[in-house]
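A.B. asks: Once you've had a glance at the structure underneath, I'll fire off some questions.
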Amino acid sequence: MRSQIAAGNWKMNTNIDFGQDFVAKLEDKELPKDVEVIIGAPFISISPLKQIAKRIKIAAQNCHDEESGAFTGEVSAAMLKSTGCNYVIIGHSERRQYFNESDELILKKILKALEHELKIIFCCGEPLEIRENNDHESFVQSQLENSICKLSKEELENVVIAYEPIWAIGTGKTASPGQAQDMHQHIRKVMRNNFNEDLAENISILYGGSVKPSNAKEIFAQKDVDGGLVGGASLKIDSFFDIIQSF
Ligand code: PEP
Numbered sequence: 139m140r141s142q143i144a145a146g147n148w149k150m151n152t153n154i155d156f157g158q159d160f161v162a163k164l165e166d167k168e169l170p171k172d173v174e175v176i177i178g179a180p181f182i183s184i185s186p187l188k189q190i191a192k193r194i195k196i197a198a199q200n201c202h203d204e205e206s207g208a209f210t211g212e213v214s215a216a217m218l219k220s221t222g223c224n225y226v227i228i229g230h231s232e233r234r235q236y237f238n239e240s241d242e243l244i245l246k247k248i249l250k251a252l253e254h255e256l257k258i259i260f261c262c263g264e265p266l267e268i269r270e271n272n273d274h275e276s277f278v279q280s281q282l283e284n285s286i287c288k289l290s291k292e293e294l295e296n297v298v299i300a301y302e303p304i305w306a307i308g309t310g311k312t313a314s315p316g317q318a319q320d321m322h323q324h325i326r327k328v329m330r331n332n333f334n335e336d337l338a339e340n341i342s343i344l345y346g347g348s349v350k351p352s353n354a355k356e357i358f359a360q361k362d363v364d365g366g367l368v369g370g371a372s373l374k375i376d377s378f379f380d381i382i383q384s385f
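Under this note's numbering, the first residue of the sequence shown carries the number 139, and numbering increases by one thereafter.
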């Protein structure tokens, strides 16, 4: 059975005080029992948030692919695990775009994070020109086949996929529920072809790209959409709580 998930991605926003206040307030609300709530926090906030989070899971937004060593300024999967962090977001389009992360590097990061028993939110999604050329399905398929399709079935039990069309991230432009459903269905087909029916049916696939209270319900109602990865709207407690209640 796949889980329903509402995950926030705070990106390089918020500080420790803001984060602790937010998580404490969200913990006080009546959160739907069958929805997993995750906050993707800046590294520096993970440990303080873990001290107050009970029901809410905490994700990092990146990690390094090596175990340890002379990589000044980097954070390893082992370090994340030592904070009690639950998830790590890997392959976000901003990391691919601004930090030149390739599918190959992303796979290495995923393997390292899994080795340290972190769960993965793996992001994929096409830029606008690829969508306009109608190549979006093969583009996403190759992102999947170059990275998570190289994992074992057992490793994939700890992976959630987030489909995030780049043209919809932070732009206010959302994929229509039909566009989201079509791609999620395609992703399940890729997983079915590379693994089996069981795995394809049981892996959670989130939609990300300008999800907000006004569109979450319709997007989450799509058959192959299991929730959302939410940027901007996860920074305000009322809007994130509305999204959590949109299943
Ligand atoms: C994201 O950061 O993954 C994202 C989807 O951002 P936004 O919701 O702001 O488009």
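Note that the Cβ used here is the ideal one computed from N, Cα and C, for glycine as well.
Keep in mind it's a predicted model, so treat the numbers as computed, not measured.
Please name the residue, chosen from 241, 294, 329, that lies closest to residue 281 on a Cα-to-Cα basis.
C.D. replies: That would be 241, whose Cα lies nearest to the Cα of residue 281.
A.B. asks: Count the other C-beta atoms from every protein chain shown that fall within 10 angstroms of the C-beta of residue 207, then say buried if there are 16 or more, exposed otherwise.
C.D. replies: Looking at its Cβ environment, which holds fewer than 16 other Cβ atoms inside 10 Å, residue 207 is exposed.
A.B. asks: Between residue 162 and the rest of its own chain, which residues show a CB-CB distance below 8 Å, the 5 nearest in sequence each way excluded?
C.D. replies: If we look at residue 162 and ignore the five residues flanking it on each side, its Cβ neighbours are 190.
A.B. asks: Using the C-alpha atoms, what's the distance from residue 146 back to residue 346?
C.D. replies: Taking the straight line joining both Cα atoms gives about 10 Å.
A.B. asks: Can you check whether the CB of residue 364 is closer than 8 Å to the CB of residue 344?
C.D. replies: For residue 344 and residue 364, yes; Cβs fall inside 8 Å.
A.B. asks: Could you compute how far the alpha carbon of residue 194 sits from the alpha carbon of residue 213?
C.D. replies: Whole-angstrom Cα-Cα distance: 22 Å.
A.B. asks: Based on DSSP bridge pairs, tell me the residues matched to residue 174.
C.D. replies: Answer by DSSP bridge pairing, in chain order: 143.
A.B. asks: Measuring only the C-alpha atoms, how far is residue 335 from residue 329?
C.D. replies: Cα-Cα distance, rounded: 8 Å.
A.B. asks: Cα separation between residue 255 and residue 219?
C.D. replies: Taking the straight line from one Cα to the other gives about 7 Å.
A.B. asks: Residues in its own chain within less than 8 Å of residue 288 by CB, not counting five upstream and five downstream?
C.D. replies: Cβ neighbours of residue 288 beyond the five flanking positions: 245.
A.B. asks: Let's test the definition: count the other Cβ atoms within 10 Å of the Cβ of residue 199 and tell me whether it reaches 16, buried, or not, exposed.
C.D. replies: Under this definition residue 199 is a buried residue.
A.B. asks: Using 8 Å as the Cβ pair cut-off and three pairs as the minimum, do the stretch 366-374 and the stretch 292-312 touch?
C.D. replies: Yes: the two stretches touch, three or more of their Cβ pairs being nearer than 8 Å.
A.B. asks: Look at the alpha carbon of residue 327 and the alpha carbon of residue 155, and state the distance between them as a whole number of angstroms.
C.D. replies: Roughly 43 Å separates the two Cα atoms.
A.B. asks: Opposite residue 236 in the DSSP bridges: which residues?
C.D. replies: The partner list for residue 236 (beta bridge, DSSP) is empty, contrary to what the question assumes.
A.B. asks: Does the stretch 224-241 come close enough to the stretch 268-277 that 3 or more CB-CB pairs lie under 8 Å?
C.D. replies: No: fewer than three Cβ pairs fall under 8 Å.
A.B. asks: Does the Cβ of residue 187 lie closer than 7 Å to at least one heavy atom of the ligand PEP?
C.D. replies: Checking every heavy atom of the ligand PEP against the Cβ of residue 187, none is found closer than 7 Å.
A.B. asks: For residue 230, I'd like the list of residues in its chain whose CB is within less than 6 Å of its CB, leaving aside the five on either flank, ordered along the chain.
C.D. replies: Excluding sequence neighbours, residue 230 sits near 261.
A.B. asks: Taking the runs of the beta strand (DSSP E) that are 3 residues or longer, which of them lie wholly in the stretch 316-376?
C.D. replies: Within the stretch 316-376, the complete beta strand (DSSP E) runs of at least 3 residues are 343-346, 365-368.
A.B. asks: Return the chain-ordered ranges of every alpha helix (DSSP H) run that is complete within the stretch 263-320 and spans a minimum of 4 residues.
C.D. replies: Whole alpha helix (DSSP H) segments, 4+ residues: 266-270, 274-283, 291-294.
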